[in-house]
Amino acid sequence: MKGIAVGIVLAIVGLILWLTTKEVETSVVSLHKAGLVLAIVGGAEALFALLGLGKKANK
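Numbering (this note's numbering) for the sequence shown: 3 to 61.
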């Protein structure tokens, strides 16, 4: 359950960054692109955690 919660939180934070920081420029990294990457990683984390729960339930 912890992995699912972490994945959902990462995806939500990533989506918020992605949607709200289109015009923000930093010298190191684009927050818009970082938000998209964070949302994708969070979604993958939640998906893999759900798959892990499914495999444990089948055993």
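We put the beta carbon where it would ideally sit given N, CA and C, even for glycine.
Residue i versus residue j: straight-line alpha-carbon distance, rounded
i	j	result
H34	G9	19 Å
A7	E25	30 Å
I18	S29	20 Å
L21	V31	16 Å
G16	T23	11 Å
Which of helix, strand or coil DSSP assigns to residue i
i	result
E47	helix
T23	coil
Residue burial classification, residue i (beta-carbon count within 10 angstroms, cutoff 16)
i	result
E27	exposed
A13	buried
A48	buried
Legend entry - Meets three-Cβ-pair contact criterion under 8 Å: the region 51 to 59 and the region 36 to 43: no
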